[in-house]
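To start, the structure itself, in structure tokens.
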Amino acid sequence: MRARLFRLTSHVSRLTFCRPTSHVSRLTAFAVIRFDRVSKRYPSGHEALSELNFELGRGEMAFVTGHSGAGKSTLLKLIALVERPSRGQVLVDDQNLANTRRRGIAALRRRIGMVFQDHRLLLDRSVFDNVALPLIIAGVARDEIGKRVRAALDKVGLLGREADAPVALSTGEQQRVGIARAIVAKPPVLIADEPTGNLDPQLSAEVMALFGEFQQVGTTVLIASHDLSLIKRMGKRVLVLDHGRLIDDFRPASS
Amino acid sequence: MNRRKPQNRPKASSPSKAVKRDARAPRLGMRAWREQHLYSLFSSLGRIAARPWTTLLTLLVMALALAMPLLLFLLLDNARQLGGDMQQAGAISVFMKPGESAEGLVLRARAMPSVAAVVLKTPADGLEELRGQPGFADAMKLLHDNPLPAVLVVTPRNASGSEGAMALVSELQASPGVDMVQYDYLWRERLDAILAAATRAASVLAGLLALAALLVVGNTVRLDILGRSDEIGVMQLLGASSGFVRRPFLYTGLWYGGFSALIALLVVLLVEFTLLTPLTNLVSSYDHRFALQALGWLPAIIALGGGALLGWLGAWLAASRHLAAGVPR
């Protein structure tokens, strides 16, 4: 009964406050990512996502899977405001993305670490400069940047390679630099689009284990992947998309 | 109700919460602002240095566009000085017919209410004056008798160019024995009108050339932006504000403008230097009544600042047009 009441009040507060203040968010802050009847139709007429509902809590790790074209990438793009939903609401870290404009979009992205299949490193800069970029963008002091970049590189096992150019690194190492860049600013949310798409099974397992570590320190992690065997081995929550619809939300018993 | 109940949320509450609030704050602190500007300043210099030929070409085109108006203004400045002093131009020179005595007219002119002073230069005075001029002494020796007329230099009481002064000019002209009346003010006025027109033309030209410089910078920055569209895309995904992405390009424009203004000043200096010797010879033949004017410090500084401003503006126009992409509305 008490639990039901609580859920009701939190629901009401969500409805009343479009952008909840930190007080209210403490009541409702179980969801770091929340999709509320979200649909996305591209101008071409293709319906990438329809009526999507799900929540991801703080420190929760989940996979999004499905055949190619099922809407995995679109889902991640909506979180980072690369695209806007056609209908429905997306809330990320207490922020209603429907009300987020220009400056707010940049601020939102600073709180989301993004990992891409093709790593998207800047090839004309060193590994160090690539990883430092989010901190420079956030305006972190220079000596502090040095410390945090080395800590992030240490975490992905590339501490000795900071002066190298990205092209001098193997594919797996490049992907790890991409991950270091995504987590260096300690974002509350980490999203990854096919981060192991170009890696062999062993490197893939290593990279996934790395994501698991970030979950341990309270980061919400959402990974789009079609590597089912790897997903199965991780034993995390799995959202299954099919033609833009959520057809399964599998939660392992342990988590 | 216990609103502050922390629940069993994992870690993430204090330190990373603080970081998060920082990141959400739309404006960064002073230190961060300075840090980012320094970063943009140096990264833009690196960008310029990375493409030396493009940079050089852009700089030269801009520099010539800026040097032309500077040279024009310098020319006009000197021409104005050549025109002489306005005060001198107020006197009326009355040339008597050859052989006519001027004494009568001097007395009559002194009696006129509109005359302040009259100075008589006899033909002998005139000859003496000419002998004093460089190059004329030898020519004077060839003369058997003095061909010069007597001249009255009349200073009007009324202001130069006023109705009273003009009436005096016609009155003197009508006096018997007068051959010609020369009122410097009239040609001086004409010269001023010519100079004013030329200055206006130079201003229009300067405006057009400034526009050309603006477009040159804008186009260079536009190409730079297109060449870096991948990088810009990544920066925007990492949460760079449009200001952050735009800033290095603005500094690039600033450098382009400043450096090309500097080159333009060097061009002006070079032109001054090239013309110095022939002009000094010319000037010395004019009995040093005129000194060549170099471009002053103030115009030079204004040109530098103006060039930098033009570069910044051109870059801003190009960047604002092209960086709007990549952000959903």
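Protein chains in written order, with our numbering: chain L, 1 to 255; chain Z, 256 to 584.
Even glycine gets a Cβ: it sits at the ideal position worked out from N, Cα and C.
query: How about Z:Met460 and Z:Pro307: do their beta carbons lie closer than 8 Å?
result: Looking at the sequence itself, residue 460 of chain Z is Leu, so the reference to Met does not match. Cβ distance not < 8 Å, so Z:Leu460 and Z:Pro307 don't count as in contact.
- prompt: Under a three-way DSSP split, which group does Z:Met435 fall into?
  reply: strand
- prompt: What does Z:Glu486 reach in chain L if we use C-beta pairs closer than 7 Å?
  reply: Correct list: Leu122.
Contact under 8 Å by Cβ, L:Phe63 with L:Ile231: Yes.
field: Residues near Z:Ala273 in its chain [Cβ-Cβ closer than 7 Å; skip 5 each side]
entry: Low confidence applies here, because Z:Ala273 scores a pLDDT of 39, under 50, leaving its location unreliable and the question unanswered by this model.
- request: Give the residues of chain Z in contact with L:Leu133, contact being defined as C-beta atoms less than 9 Å apart.
  value: Val489, Met490, Leu493, Ala495
- request: May I ask you to list the residues that DSSP assigns as paired with L:Asp242?
  value: L:Arg245
field: Residue burial classification, L:Asp242 (beta-carbon count within 10 angstroms, cutoff 16)
entry: exposed
task: Quick one: list the residues of chain Z neighbouring L:Met61, beta-carbon separation under 9 Å, in chain order.
output: Within chain Z, no C-beta atom comes nearer than 9 Å to that of L:Met61; the closest sits roughly 12 Å away.
task: Would you decide whether Z:Tyr511 is buried or exposed? Buried here means 16 or more other CB atoms lie within 10 Å of its CB.
output: buried
- prompt: Looking only at its own chain, which residues have a Cβ that is under 7 Å from the Cβ of Z:Val500, when we skip the five neighbours before and after it?
  reply: Take Z:Val500, set aside five residues on each side of it, and the residues of its chain with a beta-carbon closer than 7 Å to its own are Ile487, Met490, Gln491, Leu578, in chain order.
Min CB distance L:Ile223 to chain Z below 8 Å: no
- request: Run down chain L in chain order and give the residues with a C-beta less than 8 Å from the C-beta of Z:Gln548.
  value: The premise fails here: Z:Gln548 is roughly 49 Å from chain L at the closest Cβ pair, so nothing lies under 8 Å.
query: Name the chain Z residues whose beta carbon is nearer than 8 Å to that of L:Ala80?
result: Leu492
message: Check whether chain L comes within 8 Å of Z:Ala304, counting only Cβ atoms and requiring the distance to be less than that.
response: Answer no: the Cβ-Cβ gap between Z:Ala304 and chain L never drops below 8 Å.
message: Which residues in chain L have a C-beta closer than 7 Å to the C-beta of Z:Arg286? List them in chain order.
response: Ala141
query: Cβ of Z:Asp434 within 8 Å of Cβ of Z:Phe350?
result: Yes. Within cutoff.
task: Tell me, please, whether the CB atom of Z:Trp571 is closer than 8 Å to any CB atom in chain L?
output: no
query: Which whole runs of the alpha helix (DSSP H) in the stretch 332-375 of chain Z are 4 residues long or more, in chain order?
result: Inside the stretch 332-375 of chain Z, DSSP marks whole alpha helix (DSSP H) runs of 4 or more residues at positions 358-366, from first to last along the chain.
message: Assuming the contact rule is C-beta atoms closer than 8 Å, L:Ser73 and L:Asp249 should be a hit. Round their C-beta distance to whole Å, please.
response: Their Cβ separation, rounded to whole angstroms, is 19 Å, which puts L:Ser73 and L:Asp249 out of contact at 8 Å.
query: Which runs of the alpha helix (DSSP H), 4 residues or longer, sit entirely within the stretch 61-86 of chain L?
result: Correct list: 72-79.
task: Please compile the residues from chain L whose C-beta is within a distance smaller than 8 Å of the C-beta of Z:Gln336.
output: What Z:Gln336 touches in chain L: nothing, since even the nearest Cβ is about 54 Å away.
message: Under DSSP, the beta strand (DSSP E) around L:Asp200 begins and ends at which residues?
response: Careful: L:Asp200 lies outside any beta strand (DSSP E) and carries neither H nor E.
field: Separation of Z:Arg576 from L:His181, as counted between CA atoms
entry: Looking at the sequence shown, residue 181 of chain L is not His but Arg. Distance between the alpha carbons of L:Arg181 and Z:Arg576: 29 Å.
query: Taking Cβ-Cβ distances shorter than 7 Å, what residues in chain L pair up with Z:Phe499?
result: Ile137
- request: Could you tell me which chain Z residues have their CB closer than 9 Å to the CB of L:Ala180, listed as they occur along the chain?
  value: Residues of chain Z passing the Cβ test: none, with the nearest at roughly 13 Å.
query: L:Leu52 lies in the beta strand (DSSP E); which residues open and close that run?
result: 47-57
task: Tell me whether Z:Leu300 sits in a helix, a strand or coil according to DSSP, three-state version.
output: helix
- prompt: Going along the stretch 98-121 of chain L in order, which residues come within less than 7 Å of chain Z, judged by CB to CB distance?
  reply: Within the stretch 98-121 of chain L, Arg102, Arg103, Ile105, Ala106, Ala107, Arg109, Arg110, Arg111, Met114, Arg120 place their CB atoms closer than 7 Å to a CB of chain Z, listed in sequence order.
query: Can you give the Cα-Cα distance for Z:Gly566 and Z:Leu327, rounded to whole angstroms?
result: Distance between the alpha carbons of Z:Gly566 and Z:Leu327: 22 Å.
message: Less than 8 Å between C-beta atoms, sequence neighbours within five positions excluded: which residues of the same chain meet that for L:Leu81?
response: Leu97, Thr100, Ile105, Leu108, Arg109
task: Can you give me the Cβ contacts of Z:Gln432 inside the same chain, cut-off strictly under 6 Å, excluding the 5 residues immediately before and after it?
output: Reading off the sequence shown, one finds Gly at residue 432 of chain Z, where the question assumed Gln. The answer, listed in chain order, is Met351, Lys352, Glu355.
Distance between L:Glu60 and L:Gly218 (C-alpha atoms, nearest Å): L:Gly218 and L:Glu60: Cα-Cα distance of roughly 8 Å.
field: Z:Thr313, buried or exposed, once every other Cβ within 10 Å from all chains shown has been counted against 16
entry: buried
task: With 8 Å as the threshold, decide whether the Cβ of Z:Tyr294 is near any Cβ in chain L.
output: yes
- prompt: Would a check of beta-carbon distances place Z:Glu290 closer than 8 Å to chain L?
  reply: yes
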